[in-house]
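Novice: First, the structure itself, so that you have it in front of you.
2 protein chains.
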Amino acid sequence: MRIILCGFGVVGQSLVKLLNSRSDDLYAKYGLKPRIIAVSDSKGSAVDTAGLSLEKLIEVKKKFGTIKNYGNIKNNMSGIDLIKNIDADVMIETTASNYKDAEPGMSHIITAMKRKMHVISVNKGPLALAFPSLVELATYNQVIFKFSGTVGGGTPILDYAKNSLRGERIMSFSGILNGTTNYILTNMTNGSSFDIALKDAKDKGYVEADESLDLDGLDAAAKLVILANWVMDMKVTLPDIDCKGIRNVTTEDIKKAIKNNCSIKLIASCDKELKVQPRQVSIDDPLCVNGTLNAIAFTSEHSGTQTIIGKGAGGIETASSILRDLLEIRQEIAKI
Amino acid sequence: MRIILCGFGVVGQSLVKLLNSRSDDLYAKYGLKPRIIAVSDSKGSAVDTAGLSLEKLIEVKKKFGTIKNYGNIKNNMSGIDLIKNIDADVMIETTASNYKDAEPGMSHIITAMKRKMHVISVNKGPLALAFPSLVELATYNQVIFKFSGTVGGGTPILDYAKNSLRGERIMSFSGILNGTTNYILTNMTNGSSFDIALKDAKDKGYVEADESLDLDGLDAAAKLVILANWVMDMKVTLPDIDCKGIRNVTTEDIKKAIKNNCSIKLIASCDKELKVQPRQVSIDDPLCVNGTLNAIAFTSEHSGTQTIIGKGAGGIETASSILRDLLEIRQEIAKI
Numbered sequence: 001m002r003i004i005l006c007g008f009g010v011v012g013q014s015l016v017k018l019l020n021s022r023s024d025d026l027y028a029k030y031g032l033k034p035r036i037i038a039v040s041d042s043k044g045s046a047v048d049t050a051g052l053s054l055e056k057l058i059e060v061k062k063k064f065g066t067i068k069n070y071g072n073i074k075n076n077m078s079g080i081d082l083i084k085n086i087d088a089d090v091m092i093e094t095t096a097s098n099y100k101d102a103e104p105g106m107s108h109i110i111t112a113m114k115r116k117m118h119v120i121s122v123n124k125g126p127l128a129l130a131f132p133s134l135v136e137l138a139t140y141n142q143v144i145f146k147f148s149g150t151v152g153g154g155t156p157i158l159d160y161a162k163n164s165l166r167g168e169r170i171m172s173f174s175g176i177l178n179g180t181t182n183y184i185l186t187n188m189t190n191g192s193s194f195d196i197a198l199k200d201a202k203d204k205g206y207v208e209a210d211e212s213l214d215l216d217g218l219d220a221a222a223k224l225v226i227l228a229n230w231v232m233d234m235k236v237t238l239p240d241i242d243c244k245g246i247r248n249v250t251t252e253d254i255k256k257a258i259k260n261n262c263s264i265k266l267i268a269s270c271d272k273e274l275k276v277q278p279r280q281v282s283i284d285d286p287l288c289v290n291g292t293l294n295a296i297a298f299t300s301e302h303s304g305t306q307t308i309i310g311k312g313a314g315g316i317e318t319a320s321s322i323l324r325d326l327l328e329i330r331q332e333i334a335k336i
Numbered sequence: 337m338r339i340i341l342c343g344f345g346v347v348g349q350s351l352v353k354l355l356n357s358r359s360d361d362l363y364a365k366y367g368l369k370p371r372i373i374a375v376s377d378s379k380g381s382a383v384d385t386a387g388l389s390l391e392k393l394i395e396v397k398k399k400f401g402t403i404k405n406y407g408n409i410k411n412n413m414s415g416i417d418l419i420k421n422i423d424a425d426v427m428i429e430t431t432a433s434n435y436k437d438a439e440p441g442m443s444h445i446i447t448a449m450k451r452k453m454h455v456i457s458v459n460k461g462p463l464a465l466a467f468p469s470l471v472e473l474a475t476y477n478q479v480i481f482k483f484s485g486t487v488g489g490g491t492p493i494l495d496y497a498k499n500s501l502r503g504e505r506i507m508s509f510s511g512i513l514n515g516t517t518n519y520i521l522t523n524m525t526n527g528s529s530f531d532i533a534l535k536d537a538k539d540k541g542y543v544e545a546d547e548s549l550d551l552d553g554l555d556a557a558a559k560l561v562i563l564a565n566w567v568m569d570m571k572v573t574l575p576d577i578d579c580k581g582i583r584n585v586t587t588e589d590i591k592k593a594i595k596n597n598c599s600i601k602l603i604a605s606c607d608k609e610l611k612v613q614p615r616q617v618s619i620d621d622p623l624c625v626n627g628t629l630n631a632i633a634f635t636s637e638h639s640g641t642q643t644i645i646g647k648g649a650g651g652i653e654t655a656s657s658i659l660r661d662l663l664e665i666r667q668e669i670a671k672i
């Protein structure tokens, strides 16, 4: 399986390490032989249609900060150049999310689909801005489009809702979908001020380079868009979400919540409306998890409410979700 | 799809109601047209190879306490008679669990498999005593064997571990698998004595007719057997479980736990050993759920620890898991 990998940050590198450490067992157990033939980062590219060395990719990135120095000639190609000029089976998009124009991820995905590549995206931007049309484009081009890592990191929330609850009608759901704001709110519940809690989260590396993505609820809203489309068959994009972040949560609000045996959590919910907003959640509610944990509660017609809790992010966790998507693509292709 | 339904208690009746209420949408959405052609309860049977009336089954059971009075001639057949004499595609086993000889469920399942019927069991007894050999028998006879409802009621725990975490290695798991004992322990944590908490649970109808199944941990141990076989590929049965129930949990133990910011929970765990025993669980642990809730935490190699929480029992919830199994059988058959 020939793979183009766009973006080589924490997730991309974790994926390469994971594939490297599991290559034998993936082939023996699933018949999967992934061959990464091109990688791009913001500074350049590495290409070898016979398959790049996974160890060398990691080494070069570590040493030079870019895979441009991998040692091949075509080291100046951008992600989009790679996709346009190299034949591959799967394009994996791991560049950073942005919610303005979702570039370069959006062009990567659209071009790859038009070139009949299957696409795995852990970049939420393109999905938040254009989920319905990207799914349509994938269908039109008869390619598989997977994005398990966009919600819940390594916790297979999308798959659970779609497959494990197959035959059930999910009526509504609500969840804590952003670990960073949950960490900040947890610290505030434990007595910190907003500023100190934010600084602590920044020191720990939990906050996105553009802090607004976390604090103003954009990251949670993007995940809500993906869930609403995927789980509830809604055709919505980011502007359809009524979104309020945590910047205005005061120590007073926190204290009031504690009096009610509650904690304030940034809840993304899909009921009649699609909302992201800080809410009081009873501490007895399974949804009320602390620290950087994510949690989501699906209410189904007959099986009651079911809550899934897990780490919502992390390089290796997200890489493991990409691997699951690869396995599923492998399986789907084998059927044809 | 012709179905023989063995056992017509709460779960069996809930299933019939569920199929009745969803018949149109099941056909439209999944191509599933279930036809129940025979039902047995402890007093007799109802048979109509053209398909029994679902409304009438419910009415007759309500009025007479048995489906024997359904109005057909063959009303004296036992479950095993039905399986031996009537051709069907699927046998659904919903008689009560027992952990001595697992009868009549064990004979129902074995006979149905030999007669090339696919089998869905929500009866834990046969699985607890003979999981490895039943799976082998199913493989040998080329029939599908499903048992989603045995663990977690409507919460698709088995499916989650097997499918949603596909491509992952689950290293260990632990969980609260019995809602009744969790209810009793929760009440004790809130100040009740064991006797009062047990009486309350009995009044609410949470306790099995044979209370030992709950209190001595047998129900939890049976579920642990099923999980260990299914999720971890172990070949174990009930005698392999080191099992201790909650009868010896004292008010002192509870108080000690509270001092440690913990609650006492009956934890079924699979690590190096297979154990059911009361343990202190930190109240900050997502596993520490209260009331009749069930919870299970899977620790995987790369995706971290993931906890699923849901109602562990209930007629309609368990019926919904049977429906999921039926849909999967339908899908598998369609492939061939």
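Chains A and B, in that order, give the protein sequences.
Take the first sequence: its letter number 149 is residue 149 in our numbering, and every next letter is one higher.
Take the second sequence: its letter number 183 is residue 519 in our numbering, and every next letter is one higher.
All C-beta atoms in this analysis are idealised placements derived from N, C-alpha and C, irrespective of residue type, glycine included.
(1) For the stretch 584-607 of chain B, which residues have a beta carbon sitting closer than 9 Å to at least one beta carbon of chain A?
(2) What runs of the alpha helix (DSSP H), each 4 residues or longer, lie entirely inside the stretch 123-200 of chain A?
(3) Roughly how many angstroms separate the alpha carbons of glycine 343(B) and valine 375(B), rounded to a whole number?
(4) Please state whether DSSP places leucine 388(B) in a helix, a strand or coil.
(5) Near asparagine 98(A), which residues of its chain fall below 6 Å by C-beta distance, leaving aside the five closest residues on each side in sequence?
(6) So with CB distances below 7 Å, who are the chain A contacts of leucine 501(B)?
(7) Please report the straight-line C-alpha distance between asparagine 421(B) and aspartate 377(B), rounded to a whole angstrom.
(8) So, at 6 Å on beta carbons, what are the nonlocal neighbours of aspartate 650(B) in its own chain, with the 5 sequence-adjacent residues on each side left out?
(9) Could you list which residues in chain B have their beta carbon closer than 7 Å to that of glutamine 13(A), in chain order?
(10) For chain B, check one thing: does any of its Cβ atoms lie closer than 8 Å to the Cβ of glycine 179(A)?
(11) Going by C-alpha to C-alpha distance, which of Ile632(B), His638(B) and Asn499(B) sits closest to glycine 312(A)?
(12) If the cut is a Cβ gap below 9 Å, which residues of chain B does lysine 311(A) touch?
(13) Would you report the Cα separation of isoleucine 446(B) and isoleucine 665(B), rounded to the nearest angstrom?
(14) Just to confirm, is the Cβ distance from valine 47(A) to isoleucine 58(A) under 8 Å?
(15) What does lysine 647(B) pair with, by DSSP beta-bridge criteria?
(16) Chain B partners of asparagine 290(A), CB-CB under 7 Å?
(17) Give the range of the alpha helix (DSSP H) segment to which arginine 22(A) is assigned.
(18) Where isoleucine 493(B) and alanine 297(A) are concerned, what is the direct C-alpha to C-alpha distance, given to the nearest angstrom?
(19) Which residues bound the alpha helix (DSSP H) around lysine 223(A)?
(20) Using a Cβ-Cβ distance under 8 Å, would aspartate 159(A) count as near chain B?
(21) So what's glutamate 93(A) in DSSP terms, helix, strand or just coil?
(22) On a CA-only basis, which of Asp284(A), Thr292(A) and Ala257(A) is nearest proline 278(A)? Give me that one, please.
(23) Counting pairs of Cβ atoms below 8 Å between the stretch 604-618 of chain B and the stretch 579-590 of chain B, do you hit three or more?
(24) Give the single residue among Leu287(A), Lys265(A) and Val236(A) whose Cα lies nearest to the Cα of asparagine 248(A).
(25) With a 10 Å radius around its C-beta and 16 neighbouring C-beta atoms as the bar for buried, classify arginine 22(A) as buried or exposed.
(26) Based on the DSSP output, what are the partners of proline 278(A) in its beta bridges?
(27) Taking 8 Å as the limit between beta carbons, can you name the residues of its chain near glycine 65(A), skipping five residues before and five after?
(28) Are methionine 117(A) and alanine 138(A) close, meaning C-beta to C-beta below 8 Å?
(29) Quick one: measure Cβ to Cβ for alanine 448(B) and valine 455(B), integer angstroms, because I've assumed they're closer than 8 Å.
(30) Compile a chain-ordered list of the residues in the stretch 313-324 of chain A whose CB is closer than 8 Å to at least one CB of chain B.
(31) What number of angstroms, rounded off, separates the C-alpha of alanine 102(A) from the C-alpha of valine 122(A)?
(32) Smallest Cα separation from lysine 410(B): which of Lys369(B), Leu388(B), Lys398(B) and Arg502(B)?
(33) Round the Cβ separation of leucine 355(B) and proline 370(B) to the nearest angstrom and send it over; I've been treating them as touching at under 8 Å.
(34) What distance in whole Å lies between the Cβ atoms of leucine 165(A) and serine 269(A), which are believed to be in contact at a cut-off of 8 Å?
(35) How far does the beta strand (DSSP E) with alanine 46(A) in it reach, from first residue to last?
(36) Any idea which residues DSSP pairs leucine 5(A) with across the strands?
Specialist: Result, derived from the coordinates:
(1) Result list empty, no residue passes.
(2) Counting only runs that start and end inside the stretch 123-200 of chain A, the alpha helix (DSSP H) elements of at least 4 residues fall at 124-140 and 179-189.
(3) Cα-Cα distance, rounded: 7 Å.
(4) Per DSSP, reduced to three states, the secondary structure at leucine 388(B) is coil, with no helix or strand assignment.
(5) So the qualifying residues of the chain are Gly125.
(6) Here the neighbours are Pro156.
(7) Note on geometry: alpha-carbon atoms of asparagine 421(B) and aspartate 377(B) lie some 17 Å from one another.
(8) According to the sequence shown, residue 650(B) is glycine rather than aspartate. Within the same chain, glycine 650(B) has close Cβ partners Gly489.
(9) Chain-order list of chain B residues neighbouring glutamine 13(A): empty, with the shortest C-beta distance near 14 Å, by a criterion of under 7 Å.
(10) Cβ-Cβ to chain B under 8 Å: no for glycine 179(A).
(11) Of the listed residues, the one whose Cα sits closest to glycine 312(A) is His638(B).
(12) At a C-beta separation below 9 Å, lysine 311(A) has these neighbours in chain B: Ser639, Gly640, Thr641 and Gln642.
(13) When rounded, the distance between both Cα atoms is 18 Å.
(14) Taking 8 Å as the cut-off, the Cβ atoms of valine 47(A) and isoleucine 58(A) do not count as close.
(15) Beta-bridge pairing links lysine 647(B) to Leu629(B).
(16) Chain B residues near asparagine 290(A): Asp620.
(17) First-last of the alpha helix (DSSP H) with arginine 22(A): 10-30.
(18) Computed Cα separation, rounded: 15 Å.
(19) Per DSSP, lysine 223(A) belongs to the alpha helix (DSSP H) from 218-232.
(20) At least one chain B Cβ lies under 8 Å of aspartate 159(A).
(21) Here glutamate 93(A) sits in strand by DSSP.
(22) Nearest in C-alpha terms to proline 278(A), of all of Asp284(A), Thr292(A) and Ala257(A), is Ala257(A).
(23) Output reads yes: the stretch 579-590 of chain B touches the stretch 604-618 of chain B.
(24) For asparagine 248(A), the closest C-alpha among the options Leu287(A), Lys265(A) and Val236(A) is that of Lys265(A).
(25) The C-beta of arginine 22(A) has 16 or more other C-beta atoms within 10 Å across all chains shown, which makes the residue buried.
(26) Paired residues: Leu266(A).
(27) Excluding sequence neighbours, glycine 65(A) sits near Lys43.
(28) Cβ atoms of methionine 117(A) and alanine 138(A): not closer than 8 Å.
(29) In this structure alanine 448(B) is in contact with valine 455(B), their Cβ atoms being roughly 5 Å apart against a cut-off of 8 Å.
(30) Result list: Gly314, Ile316, Glu317, Ala319, Ser320, Ser321, Leu323 and Arg324.
(31) Approximately 12 Å between the Cα atoms of the pair.
(32) Comparing C-alpha distances from lysine 410(B) to each of Lys369(B), Leu388(B), Lys398(B) and Arg502(B) shows the shortest one belongs to Leu388(B).
(33) Contact holds; Cβ gap of about 5 Å.
(34) With 8 Å as the limit, serine 269(A) and leucine 165(A) do not qualify as a contact, their Cβ atoms being about 18 Å apart.
(35) Here the beta strand (DSSP E) through alanine 46(A) covers 45-47.
(36) According to DSSP, leucine 5(A) bridges with Val39(A) and Ile92(A).
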